[in-house]
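Visitor: Pasting in a structure now, in structure tokens, and then I'll have a few things to ask.
Chains as they are written, first to last, in our numbering: chain A, 195 to 560; chain B, -3 to 258; chain C, 134 to 315.
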């Protein structure tokens, strides 16, 4: 039996995590993500899991990685400067192939910026913010329902691909309350265990190695240094380093069709909106108010790896219109995949684009 | 079993310099772990970055070689998520007291059930000899070329003030005492901190008139002031020599602890 | 039918809670859709607090309120910041105990704070009095739904007090003369 609730996005995020079996949360309070931690503090112990408030976001990220190696489904949630502080250990999670979930309820930056206002200014930071070449998975919810569902999905993707998965929410979706239908249960992808006797960092055909959980007799050495398939540091062999980094990227990029989650509306349209997160809602309003086969919509839930092949579905597109709560971070990604103009409808300050602003953009680029 | 059974034979030789004190500390720690009767499968070693932090890579158990300064934060995640695991952290003075200082004091405050062994060589060895938060005043390093002008941290006093249940300090000279101290640390629920002063001939010794390894070890021995003796001096109203450091068991208490095996 | 309701007052009056209760009543007990949003400032007390609710029979796409049709204003500062520009065709409930200005739109004077204090002995339930008056005068949600949503949301042990406050508000809302635009 499903049930209906009237929840805040951040509540739905925490509840979605718990429904997905999240049993470790390490975090540090920061607006506008704090409600996630507060709900975890209240509910996690009742479910037999662990909540710990760490001394900063660096430690929060470290704690969830440590917990993950004991087999936990672990998560942290942050915003703004807290996300910047996590970058170091996000790189560590990538390098050590540690499954974990990081929620970023985005607020206005740079720096402390606008703690209580929405932004999508961390879309490139999530992709490239830690040093070195790598790939991650990032999902963007546009409703309270999706705060629940995509958080749960993030755990499955993290376990399947052994990579940190990011829920890139924003203050609007995180703080608004709306109707949500809670499903009976969430599908749970098990973490593939390492076959005993196999080298711990030797990948299977999907480029993902089996997981040697701590305490299970694997005797695995995990390091952020460049390592061989035994997990041992091997830092001056150029070929080994290149092969490792390429595999870490390829295991995500080569699976982007499987990871991708998007909707295509009116593929024959001449003008095509592309949106993710809260701006999706404005586009939906415009499409509802002006039913027109010549207005299309690529609505992204998976933002990284970017499903560039979806753009090719819009064969008649004369332009792509991208409302973003930033100065065109994802528009730049789209631009490198298409030959038609990409109109970036920028918005800073914390408020959502109004339907009228998007209609004006449609008219201006008709 | 002996401490030797805990080493990964396929990783030898190790990267430590000839004359380095770290091997002594790792041996003492593993000997204490061995005496605990812990199973390898239930024991996890965690470390950050620096010479000391390479230790877990040579040990057969599950191990987590993490980012600079963050070992204790990672270890907190491991221990809280699975309190059945025995978690030991290897760290150094730069890793623990500089970049990781905040994690250190908060782990002491939480009194989380970890044993942290700090190999304090009073310098950044791996990066070639820069000054650390424990470099003594007047000592030379590549970043204190005219002698260090800052006051050093007393890591044990810091741990005591922050709330650790067990704190002791020894040196690479005091092998038996150190082994015993680590064992008491492993046995004590809550946060246990064992500081081991070590010689570093490559980065510290050659810049600070310890050309011979034995000279440095002898210095550590000669400047160790037993806690009992220090206490007697204070009681007698006599001056405590300011060029000596106190060794021995400095705190052993039963404050409420976190993450203790049920 | 889409309703857009704005609540404003000072921090501590339960402005946000009022909006949450209204949205909850619509979603959980009237089988409608609702979106509740709020303005977050750094103040936990004082200042001008504002929260808005959209109630619709259909799924709500654009989640923000552009210009609400219904206002519930419980402080003078809240009026000046979030009520003074109310459009002419809007309707506003003002807590006449605390708001001395009057809008250019239709309005109802509800002495919510005075009644909460004098009749119920607790001015803390003034927001619930205002909610009762709102529902009685605009029917944005049913009275039954409002009652259930209040019971879901208030602290244990205060249910009777809050239901009394709601009923008091309903009476005030029904009895209040609507002031037309002059």
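For glycine and all other residues, C-beta sits at the position ideal for the given N, C-alpha and C.
Is residue 423 of chain A close to chain B? Criterion is C-beta to C-beta, closer than 7 Å.
Guide: Chain B contact via Cβ: absent.
Visitor: Below 7 Å between beta carbons: does that hold for residue 211 of chain A and residue 310 of chain A?
Guide: No, the Cβ-Cβ distance between residue 211 of chain A and residue 310 of chain A is not below 7 Å.
Visitor: Around the Cβ of residue 139 of chain C, are there at least 16 other Cβ atoms within 10 angstroms (buried) or fewer (exposed)?
Guide: Counting Cβ neighbours within 10 Å, residue 139 of chain C comes out buried, since at least 16 surround it.
Visitor: What residues in the segment 426 to 451 of chain A have a beta carbon less than 8 Å from any beta carbon of chain B?
Guide: Taking 8 Å as the Cβ-Cβ cut-off against chain B, the residues of the segment 426 to 451 of chain A that qualify are 426 and 427.
Visitor: Rounded to the nearest angstrom, how far is the Cβ of residue 98 of chain B from that of residue 17 of chain B, given a contact under 8 Å?
Guide: That pair is no contact at about 27 Å.
Visitor: Looking at chain C, which residues of the segment 369 to 390 of chain A have a Cβ within less than 8 Å of any of its Cβ atoms?
Guide: Those residues of the segment 369 to 390 of chain A that come within reach of chain C (Cβ to Cβ, closer than 8 Å) are 369, 370, 371, 372 and 373.
Visitor: Given that residue 98 of chain B touches chain A, what residues does it touch there, using C-beta distances under 9 Å?
Guide: Chain A residues near residue 98 of chain B: 249, 250, 252 and 253.
Visitor: State the DSSP-derived secondary structure class of residue 371 of chain A, mapped to helix, strand or coil.
Guide: DSSP places residue 371 of chain A in strand when its eight states are reduced to three.
Visitor: CB residue 395 of chain A to CB residue 425 of chain A, shorter than 7 Å?
Guide: Yes. Within cutoff.
Visitor: According to DSSP, residue 42 of chain B sits in a beta bridge with which residue or residues?
Guide: DSSP lists B:60 and B:85 as partners of residue 42 of chain B.
Visitor: Quick check on the DSSP output: what are the complete alpha helix (DSSP H) runs of length 4 or more inside the segment 445 to 500 of chain A, in order along the chain?
Guide: For the segment 445 to 500 of chain A, whole alpha helix (DSSP H) runs of length 4 or above, ordered along the chain, are 450 to 453 and 473 to 483.
Visitor: What does the Cβ neighbour count give for residue 145 of chain B, buried or exposed, with the cut at 16 atoms within 10 Å?
Guide: Flag for residue 145 of chain B reads exposed.
Visitor: When the cut-off is 7 Å and only beta carbons count, does residue 151 of chain B lie next to chain A?
Guide: Chain A contact via Cβ: absent.
Visitor: Return the Cβ separation of residue 260 of chain A and residue 81 of chain B in integer angstroms, given the expectation that the two are a contact with Cβ distance under 8 Å.
Guide: Actually they do not touch by this definition, with Cβ atoms about 10 Å apart.
Visitor: Are the C-beta of residue 456 of chain A and some C-beta of chain C separated by less than 7 Å?
Guide: With 7 Å as the cut-off, residue 456 of chain A does not count as an interface residue toward chain C.
Visitor: Could you work out which residues of chain A lie near residue 170 of chain C, taking near to mean beta carbons separated by less than 9 Å?
Guide: Residues of chain A passing the Cβ test: 366, 369, 370 and 371.
Visitor: Should residue 8 of chain B be labelled buried (16 or more other beta-carbon atoms within 10 Å of its own) or exposed?
Guide: By the 10 Å Cβ count, residue 8 of chain B comes out exposed.
Visitor: My guess is that residue 125 of chain B and residue 199 of chain B are in contact by the Cβ rule of under 8 Å, so how many angstroms apart are they, rounded?
Guide: So it is a contact: roughly 4 Å between Cβ atoms.
Visitor: Go ahead and pull the three-state DSSP assignment for residue 286 of chain A.
Guide: In this structure, residue 286 of chain A counts as helix in the three-state DSSP scheme.
Visitor: With a cut-off of 8 Å, do at least 3 Cβ pairs link the segment 155 to 175 of chain C to the segment 275 to 286 of chain C?
Guide: At 8 Å Cβ cutoff, the stretches touch.
Visitor: Can you grab the Cα-Cα spacing for the pair residue 511 of chain A / residue 462 of chain A, in whole Å?
Guide: About 7 Å.
Visitor: Between residue 252 of chain C and the rest of its own chain, which residues show a CB-CB distance below 7 Å, the 5 nearest in sequence each way excluded?
Guide: Result list for residue 252 of chain C: 301, in chain order.
Visitor: I'd like to know if residue 144 of chain C contacts chain A, where contact means its C-beta is closer than 7 Å to some C-beta of that chain.
Guide: Not one chain A Cβ lies under 7 Å of residue 144 of chain C.
Visitor: According to DSSP, is residue 120 of chain B helix, strand or coil?
Guide: It is a strand residue.
Visitor: What are the boundary residues of the beta strand (DSSP E) that residue 540 of chain A is part of?
Guide: Residue 540 of chain A -> beta strand (DSSP E) spans 536 to 540.
Visitor: Quick one: Cα of residue 224 of chain C to Cα of residue 308 of chain A, how far?
Guide: If I take the Cα positions, the gap works out to 33 Å.
Visitor: For residue 114 of chain B, write down the residues that DSSP places opposite it in a beta bridge.
Guide: Looking at the DSSP assignment, residue 114 of chain B forms a beta bridge with B:87 and B:191.
Visitor: Per DSSP, what kind of secondary structure is residue 215 of chain C in: helix, strand or coil?
Guide: Residue state, collapsed to three classes: helix.
Visitor: Can you tell which of B:257, B:1, B:-3 and B:191 has its C-alpha closest to the C-alpha of residue 152 of chain B?
Guide: Of B:257, B:1, B:-3 and B:191, the residue nearest in Cα terms is B:191.
Visitor: At a Cβ threshold of 7 Å, is residue 405 of chain A touching chain B?
Guide: Not one chain B Cβ lies under 7 Å of residue 405 of chain A.
Visitor: Scan the segment 317 to 388 of chain A and note each continuous beta strand (DSSP E) run of 3 residues or more that stays entirely inside, going in chain order.
Guide: Correct list: 331 to 333, 358 to 364 and 371 to 376.
Visitor: Anything in the segment 90 to 120 of chain B with a Cβ closer than 7 Å to a Cβ of chain A? List those residues in chain order, please.
Guide: The residues in question are 98, 99 and 102.
Visitor: For residue 271 of chain C, write down the residues that DSSP places opposite it in a beta bridge.
Guide: Paired residue(s): none; residue 271 of chain C is not in a bridge.
Visitor: What residues in the segment 337 to 350 of chain A bring their beta carbon closer than 9 Å to a beta carbon of chain B?
Guide: So nothing in the stretch comes that close.
Visitor: Which residues does DSSP list as the beta-bridge partners of residue 227 of chain C?
Guide: DSSP, once it has assigned bridges, lists C:206 and C:242 as partnering residue 227 of chain C.
Visitor: Can you give the beta carbon distance from residue 92 of chain B to residue 100 of chain B, rounded, assuming they're within the 8 Å contact cut?
Guide: Indeed, because the Cβ distance is near 5 Å, the residues count as touching under 8 Å.
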